[in-house]
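Data block below; observations after.
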Amino acid sequence: MTSTPSQPSARSALGRVGLPAPVRELAQQRWDAIVVGGGHNGLACAAYLARAGKRVLVLEARDRLGGACTLEETWPGYRVSPCAYLCGLLHPIVIDELRMVDYGFHWTPATAGMFVPFDDGESIQLWDDDERCEEEIRRLSPRDVAGWRAMTDVMRRARNALRPPTEDDIWLCRRPSREMIEDRLKNDPE
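Residue numbers (the UniProt record's numbering): 1 to 190.
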């Protein structure tokens, strides 16, 4: 695509947030796809469409891209990610195919997965470590440790069956049928 004064090249607009042209001009152009939302899912979708040669416009209401994968200063001096646990759903194949590491993508998974405060002032910290989670659960309710182990084991087996880090991931195909899901889980004892 060649650029004109009213239509800059995609490369010149990369990394900038804002309209690449006045709204009136954008509305008069033909787009193969308009992606609403500049979160990690919308950006991945737009990147795949553009790679396939489609003319794509990404619209984002906020003044920055990233969706749930951003940092916000919720309280003065404290920057937190409001929902970044969701970007764990970003499949390794997408990261590889879009060469995201080449463009600066770096993933640092949090070891402290979730903090849950209760109305009575107690709290529990869940970790990306089974032993640490069990210690926390034991502190609040020793009788629930076995149930926690059983639940996490079922969830781990289901994830491994349905979402292996390969092209066999059920989320990477067309909408899975009930039969497809049951087939993946047929050997599970639960």
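Every residue gets a Cβ at the ideal spot worked out from N, C-alpha and C, and that includes glycine.
Here the structure is a predicted model, which means the values were calculated and not measured.
Grab me the residues of residue i's own chain with a C-beta within less than 6 Å of its C-beta, minus the 5 sequence neighbours each way, in chain order.
{"i": "V36", "result": "L59"}
{"i": "C173", "result": "none"}
{"i": "F115", "result": "Q125"}
{"i": "E73", "result": "R79"}
Taking the Cβ atom as the reference point for each residue, do residue i and residue j lie within a distance shorter than 8 Å?
{"i": "F105", "j": "I93", "result": "no"}
{"i": "E131", "j": "V154", "result": "no"}
{"i": "D188", "j": "R157", "result": "yes"}
{"i": "G38", "j": "G67", "result": "yes"}
{"i": "A112", "j": "W127", "result": "yes"}
{"i": "L65", "j": "S81", "result": "no"}
Can you grab the Cα-Cα spacing for the pair residue i / residue j, in whole Å?
{"i": "D168", "j": "A44", "result": "19 Å"}
{"i": "T166", "j": "I34", "result": "29 Å"}
{"i": "R178", "j": "I170", "result": "12 Å"}
{"i": "R184", "j": "L162", "result": "7 Å"}
{"i": "N41", "j": "C69", "result": "10 Å"}
{"i": "W31", "j": "C133", "result": "49 Å"}
{"i": "A61", "j": "I181", "result": "36 Å"}
{"i": "D102", "j": "R55", "result": "23 Å"}
{"i": "L90", "j": "R99", "result": "13 Å"}
{"i": "N160", "j": "W107", "result": "21 Å"}
{"i": "E135", "j": "T152", "result": "14 Å"}
{"i": "P22", "j": "L49", "result": "23 Å"}
{"i": "K186", "j": "R24", "result": "55 Å"}
{"i": "P109", "j": "Q28", "result": "43 Å"}
Apply the 10 Å Cβ neighbour rule to residue i and answer buried if 16 or more other Cβ atoms are within range, or exposed otherwise.
{"i": "I47", "result": "Contrary to the premise, residue 47 reads as Ala rather than Ile in this sequence. The residue in question, A47, is buried, as its Cβ has 16 or more Cβ neighbours within 10 Å."}
{"i": "G53", "result": "exposed"}
Grab me the residues of residue i's own chain with a C-beta within less than 8 Å of its C-beta, minus the 5 sequence neighbours each way, in chain order.
{"i": "L26", "result": "L19, P20 and L57"}
{"i": "I137", "result": "I124, D144, V145 and W148"}
{"i": "T4", "result": "Unreliable positioning characterises T4 in this predicted model, as indicated by a pLDDT of 44, which lies under 50. The coordinate reading is nonetheless provided below. None."}
For residue i, which residues from the same chain have a beta carbon less than 7 Å from its beta carbon, with the 5 sequence-adjacent residues on both sides left out?
{"i": "L140", "result": "E122 and I124"}
Using 7 Å as the cut-off, classify the Cβ of residue i as near or not near the heavy atoms of the ligand NAP, replying yes or no.
{"i": "G37", "result": "The model on display carries no ligand, and the ligand NAP is accordingly not part of it."}
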